[in-house]
């Protein structure tokens with residue numbers, strides 16, 4: 021069984037690796053650890069910090085989480101992240117990724133997440149990409165397994181429309 025998220029939000033972190041010097045927030049449900057002192061959780065919150073990149077993410081996950089390869093939910097919202105880094109694609113069990121309220125400006129960055137087979141929920145609103153024409157269609161067509169985007173369900177009709185949109189704009193979209 022897995023416990024509540026390891027919450028390192030609001031820690032004024034500039035680098036992900038700086039989190040290892042911090043104690044997770046206390047929650048209503050206490051965090052449980054294994055015999056090595058690692059948390060039995062599949063979730064990590066690093067929201068509301070000043071992170072610009074994800075250098076040191078694997079190190080930080082290994083420091084806090086008993087089974088880092090099983091991470092299912094990562095909250096990186098409200099930071100200063102400008103691109104989707106390859107380290108996120110190493111998290112093969114990732115189901116939920118919050119990236120809202122960052123500084124991602126290139127819509128094609130979303131394509132990098134295509135290899136995450138289990139990713140069913142993503143948030144990207146509050147980034148500059150949200151203002152791109154066809155934003156929602158683009159994300160849905162790039163990540164066809166999505167069930168929820170920006171806290172709103174992806175409907176069958178929406179998925180069909182995104183596929184049509186994708187085929188019509190392929191090669192002509194200025195991102």
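Numbering (this note's numbering), first residue to last: 21 to 195. In this text, a Cβ means the ideal position worked out from N, Cα and C, and glycines have one as well.
- How is residue 154 classed by DSSP in three states: helix, strand or coil? Translated into the one-based positions of the chain shown, residue 154 becomes position 134. It is coil, neither helix nor strand.
- Item | Of the listed residues 72, 93, 73, nearest to residue 27 (C-alpha basis) | In the chain shown, the residue the question calls residue 27 occupies position 7. Closest option to residue 27, Cα to Cα, is 93.
- Is the beta carbon of residue 143 less than 8 Å from the beta carbon of residue 70? As a position in the chain shown, residue 143 is number 123, starting the count at 1. As a position in the chain shown, residue 70 is number 50, starting the count at 1. The answer is no: Cβ separation not under 8 Å.
- What are the partner residues of residue 143, as DSSP defines its beta bridges? By one-based count along the chain shown, residue 143 stands at place 123. DSSP lists 118 as partners of residue 143.
- Query: residue 115 to residue 140, Cα distance in whole Å?
  - Reply: Here the question's residue 115 lines up with position 95 in the chain shown. Here the question's residue 140 lines up with position 120 in the chain shown. In a straight line, the C-alpha of residue 115 is about 5 Å away from that of residue 140.
- Alpha carbon to alpha carbon, how far is residue 176 from residue 87? Give it in angstroms, no decimals. What you label residue 87 is simply residue 67 of the chain shown in a count that begins at 1. What you label residue 176 is simply residue 156 of the chain shown in a count that begins at 1. The straight-line gap from Cα to Cα measures roughly 34 Å.
- Integer-rounded CB distance, given that residue 109 should sit under 8 Å from residue 133: Residue numbering aside, residue 133 sits at position 113 when the chain shown is read from its first letter. Residue numbering aside, residue 109 sits at position 89 when the chain shown is read from its first letter. Sure, about 7 Å apart at Cβ, within 8 Å.
- Message: If I measure Cβ to Cβ from residue 59 and keep anything under 8 Å in the same chain, skipping five residues before and after, which residues do I get?
- Response: Sequence index remark: in the chain shown, residue 59 carries index 39 (1-based). Short of 8 Å from the beta carbon of residue 59, and not among the five residues preceding or following it, lie these beta carbons of its own chain, in chain order: 23, 26, 44, 51, 52, 53, 84, 85, 86.
- What are the boundary residues of the beta strand (DSSP E) that residue 93 is part of? Mapped onto the chain shown, residue 93 falls at position 73. Element bounds for residue 93: 93-95.
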